[in-house]
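>
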Amino acid sequence: YGLFFEGAQWDTNLQLLAESAPKLLFSAAPMVWFEPKTLDAIAHPPSYTCPVYKTPDRRGVLATTGHSTNFILDIDIPTDLPQSHWVQRGVALLSQ
Numbered sequence: 023y024g025l026f027f028e029g030a031q032w033d034t035n036l037q038l039l040a041e042s043a044p045k046l047l048f049s050a051a052p053m054v055w056f057e058p059k060t061l062d063a064i065a066h067p068p069s070y071t072c073p074v075y076k077t078p079d080r081r082g083v084l085a086t087t088g089h090s091t092n093f094i095l096d097i098d099i100p101t102d103l104p105q106s107h108w109v110q111r112g113v114a115l116l117s118q
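This is how it looks when you write it as structure tokens:
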């Protein structure tokens, strides 16, 4: 669907972010459905706030927003591990 995990993979059985397979750098992400909701209607299960980038370089010109021009948005990905676990691994989504 055009998004790929770098440094992790999607567990289709558990519907959670999981460790990537050995020697596998990129893996396909599931389809993401953006559904507009009011803040009070959003459930907040344990998740990793995963950055989405245009390219694997993760760099670009710093915009006035404080983000790189390579940055697209953050997506909350369900996980059973703490956010720090995925941050240490540098997990990100890349667009294709």
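According to the numbering used here, the sequence shown holds residues 23 to 118 in order.
Cβ atoms here follow ideal geometry from the backbone N, Cα and C, with glycine treated the same way.
The structure displayed is predicted, hence computed values, not measured ones.
Should the region 85–97 be called in touch with the region 40–50, which here means at least 3 C-beta pairs below 8 Å?
Not touching, per the Cβ criterion.
> Suppose you measure from the CA of G24 to the CA of V83; what does that come to, to the nearest Å?
Looking up residue 24 in the sequence shown gives position 2. Looking up residue 83 in the sequence shown gives position 61. Distance between the alpha carbons of G24 and V83 is about 23 Å.
> My understanding is that F26 touches L115, with C-beta atoms under 8 Å, so please give their C-beta distance in whole angstroms.
What you label residue 26 is simply residue 4 of the sequence shown in a count that begins at 1. What you label residue 115 is simply residue 93 of the sequence shown in a count that begins at 1. Rounded, the Cβ-Cβ distance is 7 Å, consistent with contact.
> Can you check DSSP and say which residues form a bridge with I97?
As a first step, residue 97 is located in the sequence shown; it is residue number 75 there, counting from the start. DSSP lists C72 as partners of I97.
> At which residues does the beta strand (DSSP E) containing W32 begin and terminate?
The count along the sequence shown starts at 1 and reaches residue 32 at position 10. Counting along the chain, the beta strand (DSSP E) containing W32 begins and ends at 31–33.
> In terms of residue numbering, what span does the alpha helix (DSSP H) encompassing S90 cover?
Here residue 90 is taken as the residue at index 68 of the sequence shown, counted from 1. Here S90 belongs to no alpha helix (DSSP H), and DSSP marks it neither H nor E.
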